[in-house]
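S.K.: Below is a structure I'd like to ask you about.
2 protein chains.
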Amino acid sequence: MKIAILGYGTIGSGVFEIFEQNAAGIRKKAGEDIDVKYVLDLRDFPGEPVEKKLVHDFRIIADDAEVSCVVETMGGVEPAYSFVKELLLRGKSVCTSNKELVAKHGAELLEIARQKKENFFFEASVGGAIPVIRPINESFSADEIVEICGIVNGTTNYILTKMCDDGEDFATALAEAQEKGYAERNPSADVEGHDACRKIAILASLACGSHVNYEKIYTEGITKLTTVDLGYARKLGKSIKLIAQMRKENESVFATVSPMLVGTGSPLFAVNGVYNGILVKGRFSGQIMFYGSGAGKLPTAAAVSADVVECARNQGKNEPVFWSGKELQLTDRMEEVNDFFVRVNAADADKIREVFDKITEVAPAEGEFAFTVKNISERDFIEKLKSIKIINRIRILNV
Amino acid sequence: MKIAILGYGTIGSGVFEIFEQNAAGIRKKAGEDIDVKYVLDLRDFPGEPVEKKLVHDFRIIADDAEVSCVVETMGGVEPAYSFVKELLLRGKSVCTSNKELVAKHGAELLEIARQKKENFFFEASVGGAIPVIRPINESFSADEIVEICGIVNGTTNYILTKMCDDGEDFATALAEAQEKGYAERNPSADVEGHDACRKIAILASLACGSHVNYEKIYTEGITKLTTVDLGYARKLGKSIKLIAQMRKENESVFATVSPMLVGTGSPLFAVNGVYNGILVKGRFSGQIMFYGSGAGKLPTAAAVSADVVECARNQGKNEPVFWSGKELQLTDRMEEVNDFFVRVNAADADKIREVFDKITEVAPAEGEFAFTVKNISERDFIEKLKSIKIINRIRILNV
Chain L
1 MKIAILGYGT IGSGVFEIFE QNAAGIRKKA GEDIDVKYVL DLRDFPGEPV EKKLVHDFRI
61 IADDAEVSCV VETMGGVEPA YSFVKELLLR GKSVCTSNKE LVAKHGAELL EIARQKKENF
121 FFEASVGGAI PVIRPINESF SADEIVEICG IVNGTTNYIL TKMCDDGEDF ATALAEAQEK
181 GYAERNPSAD VEGHDACRKI AILASLACGS HVNYEKIYTE GITKLTTVDL GYARKLGKSI
241 KLIAQMRKEN ESVFATVSPM LVGTGSPLFA VNGVYNGILV KGRFSGQIMF YGSGAGKLPT
301 AAAVSADVVE CARNQGKNEP VFWSGKELQL TDRMEEVNDF FVRVNAADAD KIREVFDKIT
361 EVAPAEGEFA FTVKNISERD FIEKLKSIKI INRIRILNV
Chain H
1001 MKIAILGYGT IGSGVFEIFE QNAAGIRKKA GEDIDVKYVL DLRDFPGEPV EKKLVHDFRI
1061 IADDAEVSCV VETMGGVEPA YSFVKELLLR GKSVCTSNKE LVAKHGAELL EIARQKKENF
1121 FFEASVGGAI PVIRPINESF SADEIVEICG IVNGTTNYIL TKMCDDGEDF ATALAEAQEK
1181 GYAERNPSAD VEGHDACRKI AILASLACGS HVNYEKIYTE GITKLTTVDL GYARKLGKSI
1241 KLIAQMRKEN ESVFATVSPM LVGTGSPLFA VNGVYNGILV KGRFSGQIMF YGSGAGKLPT
1301 AAAVSADVVE CARNQGKNEP VFWSGKELQL TDRMEEVNDF FVRVNAADAD KIREVFDKIT
1361 EVAPAEGEFA FTVKNISERD FIEKLKSIKI INRIRILNV
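Sequence lines, in order, name chains L and H.
Going by this note's numbering, the first sequence opens with residue 1, and the numbers climb by one from there.
Going by this note's numbering, the second sequence opens with residue 1001, and the numbers climb by one from there.
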C-alpha cells in the first residue's frame, strides 16, 4: 500500500519516522508493505531522508491512483477540509490527528467515507496515543455510554499540576509550560478550554451517535484560577482539573468544559502533568479509564500510524463509525445539576446562610466566606447568588 | 444473526440480560438483530425468561446451521475446549470470557478461526469490561509493545487494599472478600497468582505475537505477605500490589507474577479495591493505562457482548489476531533485574552491609534489619543472600 502524508510538522514527521523505523513490524500487522510515497509540505528539507518524498503540490497526491491512504497532519480547518474531502471522494482513505477538522466536519467526512467504502479514522485527534475513539466505537458496542469525563488537554493539566503541587501562580506556570514547549506562544486555545471543547465534542458525538456542535458546549478555561483557589482545593483534599464532560441523564444530554474540584477517590485525581485521562461510564461496563500521553510527537504519530494499518486491513471495506450529521440537541445548561464550591466576601456570610438551606462551610481565606453546596442547578445557583458578589466558584466532580 | 450461549452462570446470564435489555442499541451497532436462540445449561430455570431458550444438549447448538456465533461462558478447560473447537471447525464464530481456555489453547483456536474465516474473540478474558485485548491488537499495530504491567486480579487487589488501608491481616481480608463474593470459597487460584498468571500469558502472547506458555511464568502469590510488610510499604510511601508483568529488554523477554511495591508516581498506585489497571508501554506510544472493573457480571458480560457485535460486523471475515502457536522462549528468570526490598534479622545487619556494595537502609521493625537494593539480578540476589535467612523480600516496581 502506498500512502502520503500531508504536512511535515511535529506529527507528520513522527509518522514518517515510525514508518521508517518500524517497517517490518508494520508489514506484519498490515499484511503488506506500507510505503510513504509522498510528503506534502511547503518547505524543503535538504539532506534529510524525507527530501526525496517531498512534494509541494497537493494535486500530485490527489491524482495518483496508487496512493490509497493519506495521513492528514496539517492541523486547522482549511485547507485540511478541502483536501480530505477531495481525497475521500476520489476513493482514498484518510487518517488524521486534526481535532478542529474532525469536530467541525467529522459527520460529513464519515458519510463520504461510508459511501465510497473507504475509511476516515481519527484516533489521534483525542488523547494522543491513548486508544479511546476505537474503544468507544467497538468495545462499548453492546453497552450505552452514559458519561464521559476527561482530562483531555495536557497543557492546562501541566499548568494546574504546577499550581497545585508547587504553589505557582497561573502566569508563572504558563510561562514554564511555554518554555518546555508544552504550551504555544499564543496559549488561548488551550487555557480558554477551546481545545478540550473540540475533543469532548468528538467523543460525545461518537458516544451519542449524532453530531454534537462544539460551538454549543459551555466552555470555561483556567485563566481565572488563582493560588487562593488551589489553596482551598488542598484544604478540601482535592485537586483542580480542567474537565471536559458529557453526561446523559434520562432524556437530557449535557456537555461542559470547566475547571472542577476532583477528589482523591476519582481515578482522574492522579492524572498529572501533561498526561491525559478519559473516563467513560457505560450502563453495563461501569467506569473505564484510559490514561496516557495526550500529546507529543511519537505517541500521537503512533496512533495515526495504527489507523493507517487499520486502513490496510480494511481496504474496500468501511468500518462503521456511528456519528450521524443530525445535530444532537444539548439540554439547556441551566438545567445541569452540580455541586459547587463558592468564595464570597466575609461580609456576605449571613446572606449566604439565608439563601441556601444547606451548605458546608470551608475554613476561609482572610476576608472571605467559603462553602460547598450540593445538587444545585446552574439556574438556581445563579438565581440564589444574583445579589451577592462571587469571588470565584468551582464545580465539584462526583466521579 | 442467531447466537447461542454456553453456560448460564454469572457471565452467561449477564450476556443474556444485555441482549434482552439493549436489543435496539445492539441492532444499531451490529447492523442487524441479534437473537439469543439457545442457552446451554445443565439446570432448568423454570419461570425465568431464559426458560424457553434453554437446551441441555450441546449437539442442538453445534448442529444448527442458523447459529453463526456462540458465546462460551462455562469456564474451565473442558468441556469448553472441545465445544469451542468443534464450533469453530463447523464455521461458527466464538466469543469467550474463559481465561483458562484462552491461555491454554488460544493459539490453536485462533488458527482454526483464521482458516474457517470466522472469529475467536476473548476481550472479557482479561480485565473484565476493560478494553485491553482489542487495543493491543489494533491500537498498537504500528508500535512495538515493550512492557505490560498490570493489576489483573480484583480479588487479590481487594485483599491488599484492605491490608494496606485498614491494617487488616491476610486471613481477615480474605474472609471479608469471601463474604462480599469477591473471593471463591477455595481462593487459591486468585491468592496464589494462578489467575493473574493466565492473564499475563494471554496479554504477553498477543504483545509478542507468539505463544507464551503460562506454565513457564514464575508466579508468586500474596499469601506470605503480612501486616509487617504492609507497614514497611507505608513507611516507604508505597503500596503492595500483585503485579503481572511482561518485559522485553533487547533480545530478552521476561514474564513474572509477584507482589511488588508500587510508588505514588505510578498510575497503578491508585488502582484499589476490585478494580484492575493494565499499563502497556509502547516504544513510540509511551505508557498507556487501561483501568476499570476487572470482574463482575454485567461489566464482563458487556465485553463478551461487544465481541458478539464485532462478529456480526465481520461475518465471513477473520479479524487478524497475532498469536502464533510457536512457543516464545522466555529468558531465564535468573537474568531478570529488579530492585528489591528485603527484611532480615537484626543480627545479620553486618553480613548484609558486607555482601552488598550499596543498599538503602529502611527504619526496621523490632529485631529486624531492612533495606532496599537497586538493579540486581535474581541470580545475584540469591547468591548474595544464600547464607542469610530472609524474613521476606518484595520486588519494587519502577513504572
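Where is the CB? At the ideal position from N, CA and C, for every residue including glycine.
Note that the structure is a prediction, hence the values are computed from the model and not measured.
Please name the residue, chosen from H:Ile1376, H:Leu1225, H:Asp1350 and H:Ala1301, that lies closest to Gln1021 of chain H on a Cα-to-Cα basis.
M.R.: Nearest C-alpha to Gln1021 of chain H: H:Ala1301.
S.K.: Please determine if the segment 1141-1152 of chain H and the segment 302-321 of chain L are in contact, where contact requires at least 3 C-beta pairs separated by less than 8 Å.
M.R.: For the pair of segments examined, the segment 1141-1152 of chain H was found to touch the segment 302-321 of chain L: the number of CB pairs separated by less than 8 Å reaches three.
S.K.: Can you tell me which of the three DSSP states Ser1141 of chain H falls into?
M.R.: coil
S.K.: Let me confirm a value: Lys224 of chain L is counted as buried when at least 16 other C-beta atoms fall within 10 Å, else exposed. Which label applies?
M.R.: exposed
S.K.: So with CB distances below 8 Å, who are the chain L contacts of Phe1130 of chain H?
M.R.: The residue you asked about is not Phe; residue 1130 of chain H is Ile in the sequence shown. Listed along the chain, the chain L residues whose CB falls inside 8 Å of the CB of Ile1130 of chain H are Ile288.
S.K.: Could you tell me if the beta carbon of Thr1264 of chain H falls within a distance shorter than 7 Å of some heavy atom in the ligand SAH?
M.R.: The ligand SAH is absent from the structure shown, which contains no ligands of any kind.
S.K.: What is the rounded straight-line gap between the Cα of Leu1397 of chain H and the Cα of Asn1375 of chain H?
M.R.: Looking at the two C-alpha atoms, the distance is approximately 11 Å.
S.K.: In chain order, what residues of the same chain lie with their CB nearer than 6 Å to the CB of Lys1029 of chain H, ignoring the 5 residues before and after it?
M.R.: Val1309
S.K.: Mind checking if Leu1385 of chain H is an interface residue toward chain L, Cβ cutoff 8 Å exclusive?
M.R.: no
S.K.: Leaving out five residues on either side along the sequence, give the residues of the same chain with a beta carbon under 7 Å from the beta carbon of His1105 of chain H.
M.R.: Tyr1081
S.K.: Starting from Glu1144 of chain H, find everything on chain L with Cβ-Cβ shorter than 8 Å and list it in chain order.
M.R.: Asn22 and Gly25
S.K.: If you drop the 5 nearest sequence neighbours on each side, which residues of the same chain put their C-beta closer than 7 Å to that of Leu230 of chain L?
M.R.: For Leu230 of chain L, where only same-chain residues beyond five positions count, the Cβ hits under 7 Å are Met163, Cys164 and Ile240.
S.K.: Considering only residues of the segment 1006-1067 of chain H, which uninterrupted beta strand (DSSP E) runs meet the minimum length of 3 residues and lie entirely inside it, listed in chain order?
M.R.: Taking only runs of at least 3 residues, the beta strand (DSSP E) segments lying wholly in the segment 1006-1067 of chain H are 1035-1040.
S.K.: Determine, using beta carbons only, whether Ile1148 of chain H comes closer than 8 Å to chain L.
M.R.: no
S.K.: With three or more beta-carbon pairs closer than 8 Å as the criterion, would you say the segment 363-371 of chain L touches the segment 330-349 of chain L?
M.R.: Touching, yes.
S.K.: Residues of chain L with a CB under 9 Å from the CB of Ile1060 of chain H: which are they?
M.R.: Those within 9 Å of Ile1060 of chain H in chain L number zero; the least Cβ separation is about 25 Å.
S.K.: What does DSSP give as the partner residue(s) for Leu416 of chain L in the beta ladder?
M.R.: What is shown of chain L runs 1 to 399, which leaves residue 416 of chain L out entirely.
S.K.: How do the segment 1051-1066 of chain H and the segment 1272-1290 of chain H stand: do at least 3 beta-carbon pairs fall below 8 Å, yes or no?
M.R.: no
S.K.: Output needed for Leu54 of chain L: all residues of its chain with C-beta closer than 7 Å, excluding positions within five of it in sequence on either side, in chain order.
M.R.: Val39, Asp41, Asp44 and Phe45
S.K.: Counting only Cβ pairs nearer than 7 Å, list the residues of chain L close to Leu1298 of chain H.
M.R.: Phe284
S.K.: Roughly how far, in whole angstroms, is the beta-carbon of Tyr1182 of chain H from the beta-carbon of Tyr1214 of chain H, given that I think they are within contact range, below 8 Å?
M.R.: A Cβ-Cβ separation of about 23 Å leaves Tyr1182 of chain H out of contact with Tyr1214 of chain H under the 8 Å criterion.
S.K.: For chain H, check one thing: does any of its Cβ atoms lie closer than 8 Å to the Cβ of Lys29 of chain L?
M.R.: Closer than 8 Å to the CB of Lys29 of chain L there is at least one CB belonging to chain H.
S.K.: Would you call the CB atoms of Ile217 of chain L and Ala255 of chain L closer than 8 Å?
M.R.: yes
S.K.: Going by C-alpha to C-alpha distance, which of L:Glu108, L:Gly25 and L:Val94 sits closest to Lys326 of chain L?
M.R.: L:Glu108
S.K.: Taking only beta-carbon atoms, is Pro1135 of chain H less than 8 Å away from chain L?
M.R.: Interface residue (Cβ-Cβ distance to chain L less than 8 Å): Pro1135 of chain H is classified as such.
S.K.: Checking the sheet assignment: what are the DSSP bridge partners for Ile396 of chain L?
M.R.: L:Leu261 and L:Asp339
S.K.: Any idea which residues DSSP pairs Ser93 of chain L with across the strands?
M.R.: L:Cys69
S.K.: Since Pro1267 of chain H meets chain L, which of its residues come closer than 7 Å, beta carbon to beta carbon?
M.R.: Ala270 and Tyr291
S.K.: Hey, out of L:Val212, L:Val102, L:Cys208 and L:Ile278, whose CA is closest to Asn153 of chain L's CA?
M.R.: It is L:Ile278.
S.K.: Contact between the segment 332-346 of chain L and the segment 241-260 of chain L is defined here as three or more beta-carbon pairs at a separation below 8 Å; is this criterion met?
M.R.: yes
S.K.: If you measure from the beta carbon of Glu72 of chain L to each beta carbon in chain H, is any gap under 8 Å?
M.R.: no
S.K.: For Tyr331 of chain L, does the three-state DSSP call read helix, strand or coil?
M.R.: Checking the sequence shown, residue 331 of chain L turns out to be Thr, not Tyr. Thr331 of chain L falls in the coil class under three-state DSSP.
S.K.: When you compare the CB of Val308 of chain L with every CB in chain H, is at least one pair closer than 8 Å?
M.R.: Chain H contact via Cβ: present.
S.K.: Report yes or no: is there a C-beta of chain H within less than 8 Å of the C-beta of Ser13 of chain L?
M.R.: no
S.K.: If Ile200 of chain L and Ile148 of chain L are in contact, beta carbons under 8 Å, what's the gap, nearest whole angstrom?
M.R.: 7 Å
S.K.: In chain order, which beta strand (DSSP E) runs of at least 3 residues are fully inside the segment 1124-1208 of chain H?
M.R.: Complete beta strand (DSSP E) runs here, min 3: 1145-1151.
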